[in-house]
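Data first, discussion second: the structure below is written as structure tokens.
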Amino acid sequence: MTVYVYGVAAWLLLVGAFGIVRSHDLVHAVVSLAIAQSGTYVLLIGVGFQRGASPPVFGSPARHPNLHVVDPVVQAMTLTDVVVSATVTALLLAIAIQIHKRRGSTDPDELTSIEQ
Amino acid sequence: MSRRIRLFLFCTAAAAVGALCLLAFFDMPSFGSTDHPYRNLAIPAAVAHATSNVVSAVNLDQRSLDTFAEESILIASVLAVATLLRRADDERFREKGGGRVIDSTVLTGWIMLPIGLVVGLDVVAHGQLTPGGGFQGGIVLGTVIHLMYVAGRYPILRRVRPLRPYEWGEAFGTGAYACIGIAGVFVSGAFLDNFLPGGSFGTLFSSGTVELLNGAIGIEVASGIIVVISRFIDQAVGIEPVRDDMQSGCTSSHTTAAGDDV
Amino acid sequence: MLVFDHGAATLAPSAIAVAILGAPVLLVLGKLVPRIVLDVVSITFAGATVGLCAVVFAASSSGRVVEWVAGWAPHKGQTVGIDLVADPVGAGIALSAACLMLLSLVYSVRYIDSVDGHYHSLMLLFLGGMVGLALSGDIFDMFGFFELMGAATYGLTGMKVEEEASLQGALNFGIVNSLGAYISLMGIGLLYARIGRLDLPGLGYELQGHRPDALVVCALCLVLTGFLVKGAVVPFHFWLADAHAVAPSPVCLLFSGAMVPLGIYSAFRIYWIVFGGTIPLGDMRRAFIVLGVLTAVVGAFMALSQRHVKRMLSYATIAHGGLFVAALGCMDAAGTAGAFLYAAGFAGVVGALFLIAGVLVDLHHTMDEHELHGRARRHPVLGALFILGALGIAALPPFGTALGSAVSEAAATGLGYVWAPALFMGVAALTGAAALRSGGRIFFGIGVDPGRAPTPTTASDCGTGEGDVPDATLDRVPWSMATPIAVLVLGALSVGALPSVRAEAARAGALFVDRAGYIRQALFHSHVHVSAFPVANWSAADLGAGLLSSAAAVALAAAAWFGRSLPESVPVMRHATGVMRELRSLHSGRVGDYVAWLFVGIAVLAGLVGLPVR
Numbered sequence: 270m271t272v273y274v275y276g277v278a279a280w281l282l283l284v285g286a287f288g289i290v291r292s293h294d295l296v297h298a299v300v301s302l303a304i305a306q307s308g309t310y311v312l313l314i315g316v317g318f319q320r321g322a323s324p325p326v327f328g329s330p331a332r333h334p335n336l337h338v339v340d341p342v343v344q345a346m347t348l349t350d351v352v353v354s355a356t357v358t359a360l361l362l363a364i365a366i367q368i369h370k371r372r373g374s375t376d377p378d379e380l381t382s383i384e385q
Numbered sequence: 028m029s030r031r032i033r034l035f036l037f038c039t040a041a042a043a044v045g046a047l048c049l050l051a052f053f054d055m056p057s058f059g060s061t062d063h064p065y066r067n068l069a070i071p072a073a074v075a076h077a078t079s080n081v082v083s084a085v086n087l088d089q090r091s092l093d094t095f096a097e098e099s100i101l102i103a104s105v106l107a108v109a110t111l112l113r114r115a116d117d118e119r120f121r122e123k124g125g126g127r128v129i130d131s132t133v134l135t136g137w138i139m140l141p142i143g144l145v146v147g148l149d150v151v152a153h154g155q156l157t158p159g160g161g162f163q164g165g166i167v168l169g170t171v172i173h174l175m176y177v178a179g180r181y182p183i184l185r186r187v188r189p190l191r192p193y194e195w196g197e198a199f200g201t202g203a204y205a206c207i208g209i210a211g212v213f214v215s216g217a218f219l220d221n222f223l224p225g226g227s228f229g230t231l232f233s234s235g236t237v238e239l240l241n242g243a244i245g246i247e248v249a250s251g252i253i254v255v256i257s258r259f260i261d262q263a264v265g266i267e268p269v270r271d272d273m274q275s276g277c278t279s280s281h282t283t284a285a286g287d288d289v
Numbered sequence: 161m162l163v164f165d166h167g168a169a170t171l172a173p174s175a176i177a178v179a180i181l182g183a184p185v186l187l188v189l190g191k192l193v194p195r196i197v198l199d200v201v202s203i204t205f206a207g208a209t210v211g212l213c214a215v216v217f218a219a220s221s222s223g224r225v226v227e228w229v230a231g232w233a234p235h236k237g238q239t240v241g242i243d244l245v246a247d248p249v250g251a252g253i254a255l256s257a258a259c260l261m262l263l264s265l266v267y268s269v270r271y272i273d274s275v276d277g278h279y280h281s282l283m284l285l286f287l288g289g290m291v292g293l294a295l296s297g298d299i300f301d302m303f304g305f306f307e308l309m310g311a312a313t314y315g316l317t318g319m320k321v322e323e324e325a326s327l328q329g330a331l332n333f334g335i336v337n338s339l340g341a342y343i344s345l346m347g348i349g350l351l352y353a354r355i356g357r358l359d360l361p362g363l364g365y366e367l368q369g370h371r372p373d374a375l376v377v378c379a380l381c382l383v384l385t386g387f388l389v390k391g392a393v394v395p396f397h398f399w400l401a402d403a404h405a406v407a408p409s410p411v412c413l414l415f416s417g418a419m420v421p422l423g424i425y426s427a428f429r430i431y432w433i434v435f436g437g438t439i440p441l442g443d444m445r446r447a448f449i450v451l452g453v454l455t456a457v458v459g460a461f462m463a464l465s466q467r468h469v470k471r472m473l474s475y476a477t478i479a480h481g482g483l484f485v486a487a488l489g490c491m492d493a494a495g496t497a498g499a500f501l502y503a504a505g506f507a508g509v510v511g512a513l514f515l516i517a518g519v520l521v522d523l524h525h526t527m528d529e530h531e532l533h534g535r536a537r538r539h540p541v542l543g544a545l546f547i548l549g550a551l552g553i554a555a556l557p558p559f560g561t562a563l564g565s566a567v568s569e570a571a572a573t574g575l576g577y578v579w580a581p582a583l584f585m586g587v588a589a590l591t592g593a594a595a596l597r598s599g600g601r602i603f604f605g606i607g608v609d610p611g612r613a614p615t616p617t618t619a620s621d622c623g624t625g626e627g628d629v630p631d632a633t634l635d636r637v638p639w640s641m642a643t644p645i646a647v648l649v650l651g652a653l654s655v656g657a658l659p660s661v662r663a664e665a666a667r668a669g670a671l672f673v674d675r676a677g678y679i680r681q682a683l684f685h686s687h688v689h690v691s692a693f694p695v696a697n698w699s700a701a702d703l704g705a706g707l708l709s710s711a712a713a714v715a716l717a718a719a720a721w722f723g724r725s726l727p728e729s730v731p732v733m734r735h736a737t738g739v740m741r742e743l744r745s746l747h748s749g750r751v752g753d754y755v756a757w758l759f760v761g762i763a764v765l766a767g768l769v770g771l772p773v774r
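Chains as they are written, first to last, in my numbering: chain A, 270 to 385; chain B, 28 to 289; chain C, 161 to 774.
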């Protein structure tokens, strides 16, 4: 089970990268990048999971709070990262839009304005 | 490099990397185990500062510098989008007429708008108590206002969403976070110290600076998302080239000050 | 006042905050005030950051400055907070990044159209990211500031949206760097799963003496990937030339002078503190030296083959980055000191050359060395500075590059790598020759005119189509652009000439590799004294080596100016040209190729580190 969960994470990363490598469209490439990143989220959340544990939110104060909750730290890392990566993806898509306007095509292999 | 060679190179390398990861996964602690040392330290620390939502405590109290970096990334990306999608010299802004939207969509939009706004504000305000917080609530607020666009009321949206106040909102959110941090330096000698009184656990006014930082982030994220989405919509709906040919030629092209927003 | 009670440690996070605070201020002011106010405000914020970083640097020279942010100090070695640890190297890089930013902003006053203050805001956010990365002692925090640098720089690179080349460069830059960052995050996740901590000293403490199993090796390779991408180490380097070619020149100054060294610094910091107690030093040394040599050689030969001035400088940056990796890869205090001296000197000279290139764009609207042949004869002072900078790249004493090269070579030969002086001098000579060749052609019209292309008034021949359309057209060079150039060259000279710099570098090197001291000071507040290696004055051998590489550079440049093309005369050269053609074609500008090479790089790194370990 352990290998399966983390294997899914690694698979997402590799498949996303594969998408960028064989991409014929810039939007497709940027979305593949987002897929690669979602692999990291699966890994992080998977690392923090505990069987039978409850969410890390407490209803009432307790002198010895219940430690039988899932790991809040990875959740904190993931949630900020999700929001932030949405804007970085927006940034890359903005570049793709402008390229399409200037070039008329979004095929990354046809972009030849930078070449040796 | 031809595509075939590129694919071959990538697949070979990715297989090697995948194999390495697989070997590593066999050494990982088992999925769902009980061994989480950071959690065992984070929870008492959160409770000591009267914050019920431990995730918010980790984000805004214990690892507040990380969140500061993340919100800076957000404002950087929004600024970059605003820069990249600005109206260039050879373009102009002209509003095109809206398409046809069916009545049920319009009705749903009008109903969902106030509900969404309230939900978003609630998620932001109660970030220290229940799952949620500035990031999540900010996204809700930022996107729900665009129901106006979905409901085919783009002109209303443009009037309701002049961009400058939202850019200021974004600036205010980031600036407030930084200033609260610097205030911590002057009050207790540590940047981003949680120097406000904790209040009683589980009530609205608890957790010290966590709720203030939550609010700042909520304002920033909501404003930032509105700016980003509106720039994209403007590109799709409003901006068109002035001339037929889009080559700007060799003329030294000063881009306009982006005063195209209303 | 409480601030001064806690001393300079409190100022470390404040330096980051002040830089980032400038961005919202400028955003609000953007449309309200005239351009000059935006320049003054941004320069003020940069200056304040310089001041705060200087205080932290001064405090670090007597040891490390440790600050646990928000007061979450460790208790018996356990903590929930984030630490900033400023040792002389980290504080020095932060200070130099801030100073370079200040010079960039001064240069930008006349150079660039600010797009409502967005340019200035993005620059300050870039600065905040750099200072944060340099000072951070927490691995997820480093990732956060790394991403901040990324987001700001993608926007800065693609600013000229009318130029398709700018957009393509920004896209390649953005996709490759982001992918590298996400791969690092996977490695961070693996480390967190094993150790349950995110702070560098804590990770190092828990991993001490640990057997390096597959998980540790995999985590090392993945985590280092992102930072090696940023450091433009071969084969992660393809994006740098594209980004450099199209980004505005003041931004290129920061790329070469601060961002690339920061990537390399972070990679080594993470290895030393986190993995230094588990992955054997010898294996890591071999891995880094292989990568460093490969990077240096590829970069040097690619630099020679470029006609585009900024692209040539970017390959020179890659080549010298390889030298820094090789020097740091000696894994001792002497190599570390040499590497950072070299990087400090190199930042000055390559930065000056980038700024001069920017002036050329404004004056002549092109970056092509052949098109510019003899056209800048009206600016002899600028030409002299360019030649001086080129000689600095060729490691002419007393430039900091020469001193750094000498110390690094001594460290490497001391470990038995007798070919090291040949490598260092060879790369300096080759890259210096490329720069000299350009400078001589452009500013003095030396050598055979390779046949000028028609001046760019026809639409089909606009510049080189690589983002070279300037924002302003100048007749003469304004002081706001000339002063930073002169300051950079002087700075590079002073790194080598001032004796105190040498002693400081020796201490800094010793502290950087002192793993146990770092962990003990950060987690347990105990100080351990570290003795620096003895620092010698300029020896005759050092001077000789520097003069030799400079002379070789001049000779190679002269061959390029006056000689006929070599391939026809020597058969071996035919093969060499063929190899060069293949190498150049690999740098295709296609992001799919770059990502494929990125994974090849991870596999190579895994092989270099993992196979000896098992």
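Built from N, CA and C at the ideal position, the CB exists for glycine as well.
Own chain, CB closer than 8 Å to residue i, minus 5 neighbours either side, in chain order
i	result
S565/C	L483, G498, Y502, A555, F584, M585, A588, A705, G706 and S709
G459/C	V394, H397, Y475, A476, T477, I478, A479, H480, G481, G482, V587 and T591
F461/C	L590, M740 and L743
L281/A	I304, A305, S307, G308 and V311
Residue i, enclosing beta strand (DSSP E) - first and last residue
i	result
F387/C	Unbroken run through F387/C is the alpha helix (DSSP H), A374 to K390; no beta strand (DSSP E).
V225/C	V225 to W228
F120/B	E118 to F120
Residues near residue i in its chain [Cβ-Cβ closer than 7 Å; skip 5 each side]
i	result
M346/A	L313
V690/C	A670, L671, D674 and G677
T318/A	Correcting the residue identity first, residue 318/A is Phe in this sequence and not Thr. Closer than 7 Å at the Cβ level, and outside the excluded window around F318/A, lie V339.
M302/C	L293, S296 and S426
T624/C	Its pLDDT being 42, under 50, T624/C is placed unreliably by the model, and nothing is read from it.
Same chain, Cβ closer than 6 Å to residue i, neighbours up to 5 away in sequence not counted
i	result
P372/C	T438, I439 and V773
P421/C	A503
G143/B	V171
L746/C	none
A595/C	A550 and I553
S416/C	T477 and V510
Segment limits, alpha helix (DSSP H) that includes residue i
i	result
L244/C	Taken as a continuous stretch (DSSP letters only), L244/C belongs to no alpha helix (DSSP H), being part of the beta strand (DSSP E) at D243 to A246.
F415/C	Segment: none, F415/C is in no alpha helix (DSSP H) and carries neither H nor E.
F292/B	Coverage of chain B is limited to positions 28 through 289, which leaves residue 292/B absent and any answer about it impossible.
H280/C	H278 to L295
H687/C	Note, H687/C: premise wrong, no alpha helix (DSSP H); not H, not E.
W639/C	W639 to A657
Coil, strand or helix - residue i by DSSP
i	result
H468/C	strand
P440/C	coil
R371/C	coil
I266/B	strand
H775/C	Only positions 161 to 774 of chain C appear in the structure, and residue 775/C is not among them; the question remains open.
Q155/B	coil
H235/C	strand
V674/C	According to the sequence shown, residue 674/C is Asp rather than Val. Coil, per DSSP.
Beta-carbon separation (whole angstroms), residue i vs residue j, contact threshold 8 Å
i	j	result
S808/C	L400/C	Outside the shown range of chain C, which is 161 to 774, sits residue 808/C, and nothing can be said about it.
G391/C	I424/C	4 Å
Between the region 355-370 of chain C and chain B, which residues of the former have a C-beta closer than 7 Å to a C-beta of the latter?
For the region 355-370 of chain C, the residues whose beta carbon sits under 7 Å from a beta carbon of chain B are, in order, G356 and R357.
What are the residues of the region 298-315 of chain A that lie near chain C, defined by any Cβ-Cβ distance shorter than 8 Å? Result list: A298, V299, L302, A305, Q306, G308, T309, L312 and L313.
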